[in-house]
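First residue of the sequence shown? That's 11 in the working numbering, and the numbers climb one at a time after it. For each residue, glycine too, the CB sits at the ideal point set by N, CA and C.
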Amino acid sequence: MIDSTAMTLAVVDDDVDVRAALNRLLRAMGHQVRLFASAEEFAGAGDGHGFDCVILDIRLPGLNGLELREQMRTAGRRLPLVFITGDGDYSLGDDIPADVPTLRKPFDEDSLVAALSNVVGSLK
């Protein structure tokens with residue numbers, strides 16, 4: 011387990027196994043976690059999330075991660091994000107903002123901690 015500052019994190023991924031694995035890992039690290047199966051589910055939960063960061067799959071059925079990010083920005087919700095993707099064929103290219111770390115699945119715990127640290131601040 012990594013000693014870190016406890017955060018409240020949202021995980022948005024349509025893959026139940028990915029959600030379950032991230033839930034176990036992040037809770038073992040001492041974080042509060044809320045899981046969402048779609049971007050629409052996350053968006054429908056309202057503005058009062060109180061999340062420190064959102065771990066967001068790029069490829070989602072319906073509203074994708076990039077579209078959700080744009081909706082959040084338009085609404086003035088500037089939550090720190092970490093993108094994740096399991097689509098090896100997806101060209102990350104210009105679609106991915108430079109200020110959003112992007113992890114390709116499968117990723118390891120250290121990569122996730124580094125990405126969270128990059129967007130949220132130092133994990134002590």
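What would DSSP say about residue i, mapped onto helix, strand or coil?
i	result
ASP27	helix
ARG69	coil
LEU122	helix
LEU19	strand
ARG83	helix
PHE46	strand
ARG88	coil
Give me the Cα-Cα distance between residue i and residue j, rounded to the nearest whole angstrom.
i	j	result
PRO88	MET82	Rather than Pro, the amino acid found at residue 88 in this sequence is Arg. Each residue's alpha carbon lies about 7 Å from the other.
ALA124	ASP118	10 Å
PRO107	VAL129	13 Å
MET17	HIS41	5 Å
ALA38	ALA85	33 Å
LYS115	ASP97	8 Å
THR15	SER121	17 Å
VAL26	ALA55	19 Å
ARG34	PHE46	15 Å
SER60	SER127	The amino acid occupying residue 60 in the given sequence is Gly; Ser does not appear at that position. In a straight line, the C-alpha of GLY60 is about 18 Å away from that of SER127.
ASP105	GLY131	24 Å
For residue i versus residue j, is the C-beta spacing smaller than 7 Å?
i	j	result
ASP23	ASP67	yes
LEU36	VAL28	no
GLY72	GLU50	yes
VAL31	VAL64	The sequence shown places Ala at residue 31, not Val. Contact: no.
SER48	LEU78	no
- Message: Assess contact between the stretch 111-129 and the stretch 88-97, defined as three or more Cβ pairs (one per stretch) separated by less than 8 Å. Is contact present?
- Response: yes
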